[in-house]
Amino acid sequence: MAAKHVVVIADPYTVYAFRLLGAEGYAVNSPEEAARVVEELVSREDIGLVLLSAEYYDGARKAVEKFRQVHGDVVVARLPTVREPGKPMDVQKELLKALGMG
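This note's numbering puts the first residue of the sequence shown at 1, with every later residue one more than the last.
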């Protein structure tokens with residue numbers, strides 16, 4: 001089995017950080033640019049995970065759905081960033097749940 005790549009589609013600063021970790025990154029500045037990048041990735045077979053910036057995710061939803069239809073085994077996830085952070089989580093509650101105690 002060939003190695004699969006992690007692809008990050010986000011603002012330039014986020015992409016740079018993920019490139020330092022070895023991910024493939026595409027810097028975009030709008031939902032339309034993000035959608036174009038996702039559409040270009042449809043033809044590739046070497047992708048295992050796509051992290052799409054939360055601020056562009058909704059605007060690129062049609063492209064994401066098309067990608068998922070072609071690549072049902074590839075995870076496309078919403079990536080929280082500084083501009084649109086994720087929701088806070090109760091770490092203690094999640095830890096207890098993971099340990100089967102919550």
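Ideal Cβ placement from N, Cα and C applies to all residues, glycine included. Every value quoted in this text rests on a predicted model; they were computed, and no experiment measured them.
Buried or exposed (CB count within 10 angstroms, at least 16 for buried), residue i
i: G25; result: buried
i: E65; result: exposed
i: A77; result: exposed
Residues that DSSP places opposite residue i in a beta bridge
i: V8; result: G25 and L51
Rounded Cβ spacing between residue i and residue j (contact assumed at less than 8 angstroms)
i: V8; j: L51; result: 5 angstroms
Residue i CB to nearest heavy atom of the ligand PLP below 8 angstroms
i: P31; result: Among the ligands in the structure shown, none appear at all, so the ligand PLP cannot be discussed.
Residue i to residue j span [Cα, whole Å]
i: D11; j: S53; result: 8 angstroms
i: V75; j: V42; result: 13 angstroms
i: L79; j: F18; result: 11 angstroms
i: R68; j: T14; result: 23 angstroms
Quick check on the DSSP output: what are the complete beta strand (DSSP E) runs of length 3 or more inside the segment 47 to 100, in order along the chain? Complete beta strand (DSSP E) runs here, min 3: 47 to 53 and 75 to 79.
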